[in-house]
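Asker:
Residue numbers (this note's numbering), protein chains in the order written: chain F, 1 to 109; chain A, 1001 to 1118; chain Z, 2001 to 2096; chain V, 3001 to 3329.
1. I'd like to know whether the C-beta atoms of residue 3050 of chain V and residue 3254 of chain V end up nearer to each other than 8 Å.
2. Rounded to the nearest angstrom, what separates residue 3276 of chain V and residue 3263 of chain V at their Cα positions?
3. Measuring CB to CB, does residue 3310 of chain V end up less than 8 Å from residue 3250 of chain V?
4. Should residue 3314 of chain V and residue 3258 of chain V be called a contact, given that it needs their Cβ atoms to be closer than 8 Å?
5. Report the option in A:1098, A:1059, A:1048 whose CA atom is closest to the CA atom of residue 1082 of chain A.
6. For the 8 Å Cβ check, are there 3 or more pairs between the stretch 3058 to 3065 of chain V and the stretch 2060 to 2072 of chain Z?
7. Using C-beta distances below 6 Å, list every residue in its chain close to residue 3148 of chain V, excluding the 5 sequence neighbours before and after it, in chain order.
8. What's the C-alpha gap between residue 3040 of chain V and residue 2055 of chain Z?
9. For the alpha helix (DSSP H) containing residue 2029 of chain Z, name the first residue and the last one.
10. Compare the beta carbon distance of residue 2027 of chain Z and residue 8 of chain F with 8 Å and say whether it is the shorter of the two.
11. Could you run through the stretch 1054 to 1076 of chain A and flag, in chain order, every residue whose CB is less than 9 Å away from some CB of chain Z?
12. Give me the chain V residues within the contact set of residue 1006 of chain A, using Cβ-Cβ distance strictly less than 8 Å, ordered along the chain.
13. Bridge partners of residue 1057 of chain A, per DSSP?
14. Taking residue 45 of chain F as the reference, which of F:16, F:62, F:58, F:86 has the closest Cα?
15. Against chain A, which members of the stretch 3308 to 3322 of chain V pass a CB distance test of less than 8 Å?
16. On the DSSP letters alone, give me the boundaries of the alpha helix (DSSP H) that residue 78 of chain F sits inside.
17. Does residue 3086 of chain V come within less than 8 Å of chain A when only Cβ atoms are used?
18. Applying the 10 Å Cβ sphere with the 16-neighbour rule, what's the burial state of residue 3091 of chain V?
19. Name, in chain order, the residues that DSSP records as bridge partners for residue 1065 of chain A.
20. Using a Cβ-Cβ cut-off of 8 Å, state whether residue 1104 of chain A counts as contacting chain V.
21. Using only the alpha-carbon positions, how far apart do residue 3012 of chain V and residue 3296 of chain V sit?
22. Does the Cβ of residue 3233 of chain V have 16 or more other Cβ atoms within 10 Å, making it buried, or fewer, making it exposed?
23. Let me check understanding here. Comparing Cα to Cα, which of A:1079, A:1073, A:1108, A:1077 lies closest to residue 3118 of chain V?
24. Taking only the alpha-carbon atoms, compute the straight-line gap between residue 3246 of chain V and residue 3071 of chain V and give it to the nearest angstrom.
25. If we cut at 8 Å on Cβ distances, does residue 43 of chain F have a partner in chain Z?
26. If the cut is a Cβ gap below 9 Å, which residues of chain A does residue 3021 of chain V touch?
27. Please report how far the alpha carbon of residue 3089 of chain V lies from the alpha carbon of residue 25 of chain F, in whole angstroms.
28. Alpha carbon to alpha carbon, how far is residue 3319 of chain V from residue 1050 of chain A?
29. Would you say residue 3215 of chain V lies against chain F (beta-carbon separation less than 8 Å)?
30. Is residue 3332 of chain V helix, strand or coil by DSSP?
31. May I ask you to report which of helix, strand or coil DSSP gives residue 3043 of chain V?
32. What does residue 2027 of chain Z touch in chain F if you count any residue whose Cβ is under 8 Å from its own?
33. Could you pull out every residue in the same chain whose Cβ sits closer than 7 Å to the Cβ of residue 3191 of chain V, ignoring the five residues on either side in sequence?
34. Using only CA atoms, which one of V:3216, V:3163, V:3220 lies nearest to residue 3229 of chain V?
35. State yes or no: is the C-beta of residue 37 of chain F within less than 8 Å of the C-beta of residue 2050 of chain Z?
36. Measure the Cβ-Cβ separation of residue 3211 of chain V and residue 2042 of chain Z and say whether it is below 8 Å.
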């Protein structure tokens, strides 16, 4: 039982690590702001869920698990809101989400 | 890992000097304050580096762990208070900069000196 | 196994930092600060286990709760700046 | 292996610092300063300083960014002038760097348990805390009891800085300053028209407050204490102010109450010391506060931590309001 749980947690942690890394590469390599936000949100949601779930299994059923659940809950609430706030600010500043254009517009505010 | 034995101290030196450069060379007053807070953080890093003991753990006792080394609590206490003091004094500095901007209309050092000379 | 995740997180932090340094717009930098915050929360939770002191999760919890204030402050900053510029335009020229 | 992570994070720290100094856009510098704070907190945590990392988290993540942005809104976002005497400054800095670098070679190796720093009072603190004070967190014990004088001094420095900011920024501007009418019901204040952040922040603010109180009163058992809790509670109110505007926040916690918190906290701290004297012991000796000296120490630490928390909350919020009110004046 112990070893099965360990393997499950390792799988979750590794998958989380992969998601985080992919999101990081996306945030660096994507061509413009909105696509980068899209990539970054992968690390904020899927990466966070998998990594924290993996650690939760290691923790067993204790106070620590509840704290981890709280961390995950707050992350899942706040990071999309932060993305919204950011997207809103960018829109107000006049950066248009243009799917056709590959790169950043030349004018940087 | 032998050659990394002093790495933390080197980073401390580099950060200290980056902060020092910003304070000395930059003419914008807010940039100087930002440099000052980097300088401050470098000193924090020095103290906390000194408190670390290899194989030690944070100086908070727990029933689950016994017979382990603990890192030095004293530098941690000094820095813990210094961080909050640091933000308060930075805020004081920012307050002065805001007043200077209101009186002189600029936050650039040489322009302020220019106005004073007139 | 914790090491692999920690390494992935640190590398991602480096990538986010690269984005923050490269820019090009200020919004990219805000995005990477936000991403950096999430990565730090995950890093701190994993390291708490790596060190065998899971009672230190308070730290990750603190970041999970307050990281978001910074981004909201940025939004508020842009909003009030836009209002101020509008005001100045209506008053005719900067109000210096 | 963890040392290697430390080295990686420190390298990132240096890159961030260089980027902060190089950028001409002060707004970008403030954003990068946020990253710098996150990185240094992670480093503190790797170096076993959980309490310090929590303080940096509470202060650096929200309050520091908000204060710098507040100052930028009142001044200018860009650094206009080029750096004069650049090469001279670089030469001076390089010279100083070489001197300090030379000094580091006399430092004990990283993590050396026989370093001089670990030979003086630290072993005594670690050994005697269970006997004299009997709380698990030695950092809190040293902060509150063994080095109570030092902490009292720090609290007064924070207090003085708060008074200083109030003096500087609460003076009314001259006739040139335009006052906008009171807009307590204006939807354009704060982020009230942004429904998603509004709902989420209303949800989150009580949890931050609750967590702040937890950190305040759990400081004897885990990382935490008055300094961290004060910053967290201030952050909760700052979040409320960003969303609902200054007016409503000041209605919840008026400036008078903040002044009372500032003064009350410092007085509580000093008062605990004086009570100790009246009971026939030294200033800030808590052993006489209860029949059992160990219980007395614990009571004293709880009281002075409460004082620290009150002062820090009052000062940080007063500073925030001082900057924000200047914005509207």
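We put the CB at the ideal spot given by N, CA and C, even for glycine.
Since the model is a prediction, treat every value here as computed from it, not as a measurement.
Answerer: On the basis of the supplied data:
1. no
2. 20 Å
3. no
4. yes
5. A:1048
6. yes
7. 3284
8. 20 Å
9. 2026 to 2050
10. no
11. 1057, 1058, 1060, 1062, 1064, 1065
12. 3104, 3105, 3107, 3109, 3110
13. A:1070
14. F:16
15. 3312, 3315, 3316, 3319, 3322
16. 63 to 92
17. yes
18. exposed
19. A:1062
20. no
21. 46 Å
22. buried
23. A:1073
24. 16 Å
25. yes
26. 1018, 1019, 1021, 1022, 1025, 1026, 1031, 1034, 1035, 1038
27. 38 Å
28. 33 Å
29. no
30. Because residue 3332 of chain V is not part of the residues shown, which for chain V are 3001 to 3329, the question remains open.
31. helix
32. 33, 86, 89, 90, 93, 95
33. 3197, 3198, 3242, 3243
34. V:3216
35. no
36. no
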